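Taking it in order: structure first as structure tokens, then the write-up.
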Amino acid sequence: MVRMNDFEREMVAEWGDHLDVRFYLAARLKRLHGKRVLDVGCGPGLLLSLLPASNSKYGVDLSASRLALARKRNPSAVLKRASMYALPFPNGFFDVVVCANILPGADFPVKGNQQKFQRKMLSEAARVLKKGGILFLTTPNNVWYARWRRSGFTDYAKLEGVLKRHFRCEIKGWNPFPPYPRFLPSRALRKIPVWADFLGMLCEKGFYRRTSKFFYTEAVKQ
């Protein structure tokens with residue numbers, strides 16, 4: 000049985016799912032070394048804290064209280080209260096930008112044209128990235144999250160459309176299995192050894208890219 004440590008339980012409390020795509024993202028970010036990394040919408044700094052110490056860590060968020068938590072967890076990071084639509088950094092400053100479940104109109108509602116807000120956010124992410132820099136982006140798929148579908152949300156084609164303006168990318172899918180009661184709940188699946196590794200293999204091989212619960216991409220700035 001796979002046991003969760005206190006930090007993993009905190010991640011579940013923050014993200015709301017034992018098999019959220021951000022657990023997979025966290026594992027991928029642990030592979031980075033010697034990079035200047037920006038986490039947009041960093042919240043309490045969970046992902047930043049998992050980056051190896053050789054990286055230079057930066058984060059932005061609109062919540063002062065969540066930034067205070069991020070500072071406690073990441074005392075060496077540069078953390079600023081700022082909007083994802085106006086990042087307070089110069090052009091081409093970062094090797095890596097992380098946008099984990101913060102896509103406007105998909106992860107939170109917006110008033111007006113959803114894709115306009117998404118283009119604005121991704122344009123800012125591209126601006127602060129070096130050419131050839133990587134955008135790590137995750138967001139839920141409206142195939143599974145129907146309660147948000149009425150407000151626009153996003154699907155594979157929409158996400159590909161807004162990303163390809165600035166990035167070369169392959170959008171993949173994370174966790175294609177239906178929720179309980181049709182299948183075991185994620186809190187049970189998490190306890191099965193190598194289950195997360197199996198989901199990671201499906202993601203990396205590009206299976207179920209259009210029908211999984213989440214989208215995942217490591218997009219390269221053109």
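Residue numbers (numbering that gives the first Met the number 0): 0 to 221.
All C-beta atoms, glycine included, are put in the ideal place defined by N, C-alpha and C.
Only a predicted model underlies this, so the values are computations on that prediction, with no experimental measurement involved.
| Check | Outcome |
| --- | --- |
| Quick one: using the 10 Å Cβ neighbour count with 16 as the cut-off for buried, is A99 buried or exposed? | buried |
| Taking only the alpha-carbon atoms, compute the straight-line gap between A105 and L66 and give it to the nearest angstrom. | 23 angstroms |
| With 16 as the cutoff for other CB atoms within 10 Å, does Q113 come out buried or exposed? | buried |
| Just checking my contact of V127 with N90 at CB under 8 angstroms: how many whole Å lie between their CB atoms? | 7 angstroms |
| Return the chain-ordered ranges of every beta strand (DSSP E) run that is complete within the region 112-146 and spans a minimum of 3 residues. | 128-139 |
| Determine the direct distance from the alpha carbon of R30 to that of N140, and round the result to whole angstroms. | 26 angstroms |
| Can you tell me whether S150 is helix, strand or coil according to DSSP? | Any reading at S150 must be qualified, since the residue scores a pLDDT of 48, below 50, and its modelled position is unreliable; the value itself is stated next. Correct three-state label for S150: helix. |
| Count the other CB atoms, across all protein chains shown, that sit within 10 Å of the CB of F116; report buried if there are 16 or more and exposed otherwise. | buried |
| Rounded to whole angstroms, what's the CA-CA distance from M0 to A195? Just pull it up for me. | Confidence at M0 is low in this model, with a pLDDT of 44, below 50, so the placement of that residue should be treated as unreliable; the coordinate-derived value is given next. So the alpha carbons of these two residues sit roughly 12 angstroms apart. |
| Looking at the structure shown, is A81 part of a helix, part of a strand, or coil, going by DSSP? | coil |
| Does the separation of the CB atoms of R212 and P175 fall below 9 angstroms? | Per the sequence presented here, residue 212 reads as Lys, with Arg not at that position. Yes, the pair counts as a contact, with Cβ atoms nearer than the cut-off. |
| Would G160 pass as a contact of K220 if the rule is Cβ separation under 9 angstroms? | no |
| Whole angstroms is fine: what's the gap from L24's alpha carbon to F6's? | 15 angstroms |
| Would L162 be called buried (16 or more neighbouring beta carbons within 10 Å of its own) or exposed? | buried |
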